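Visitor:
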Amino acid sequence: MARTPVLADLGHERFVSLTTFRRSGESVPTPVWVLPDGQALVVSTPAGAGKLKRIRNDPRVTLQPCDRRGNVDPGAPLVEGTAEIITDSAVSEAVSRRLAGKYGLEFQIFSVVEWVLKWGNSDRVVLRITPNP
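If you're matching positions, the sequence shown starts at 115 in the working numbering and goes up one per residue.
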């Protein structure tokens, strides 16, 4: 018998599709890098990302393993959770260091490109996602 996936299992995936919801209820999936944080997950995202507005309005999210382009395999496990936005810069820096450790050169290149495209403004916040009961 297959075990039901839990949120923390997704922290070991390379990429996860994080789905947030518009006020209309329409889902908006985004591929993200994730880290395990106890029974929760953490995600780093730019401070101006659209997903933050959606999460402020509705903290409900779903997550599924995906590839770097966000393609989810049919039958991939779907896990429901609740996202909390953390704006503490010390937390954001700690998560960035952990992401650099997990993703290595790929993360470093992404960070430099993001910094250049944003003209040096690369403020980030952390999403802490906890499992729904």
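Just so you know, even glycine gets a beta-carbon here, dropped at the ideal spot from N, CA and C. Quick caveat: nothing in here was measured; it's all calculated off a predicted structure.
Excluding the 5 residues flanking Val156 on each side, which residues of the same chain have their C-beta closer than 6 angstroms to its C-beta?
Guide: Leu149, Val209, Val240, Arg242
Visitor: Does DSSP put Ser206 in a helix, in a strand, or in coil?
Guide: Per DSSP, reduced to three states, the secondary structure at Ser206 is helical.
Visitor: Taking the beta carbon of Val142 as the centre, do at least 16 other beta carbons fall within 10 Å, making it buried, or is it exposed?
Guide: Result: exposed.
Visitor: Let's test the definition: count the other Cβ atoms within 10 Å of the Cβ of Ile223 and tell me whether it reaches 16, buried, or not, exposed.
Guide: exposed
Visitor: When burial is assigned at 16 or more other CB atoms within 10 Å of the CB, is Lys167 buried or exposed?
Guide: exposed
Visitor: Any chance you could list the alpha helix (DSSP H) runs of at least 4 consecutive residues sitting entirely within the stretch 170-215, in chain order?
Guide: none
Visitor: Pair every Cβ in the stretch 170-182 with every Cβ in the stretch 203-217, then say whether three or more of these pairs are closer than 8 angstroms.
Guide: no
Visitor: Report, in whole angstroms, the separation of the C-beta atoms of Pro245 and Gln153, which I expect to be a contact under 8 angstroms.
Guide: 6 angstroms
Visitor: Using beta-carbon positions only, say whether Gly195 and Thr144 come within less than 9 angstroms of one another.
Guide: It is not a contact, given that the beta carbons lie outside the stated cut-off.
Visitor: Which word fits Ser138, buried or exposed, when buried means at least 16 other C-beta atoms lie within 10 angstroms of its C-beta?
Guide: exposed
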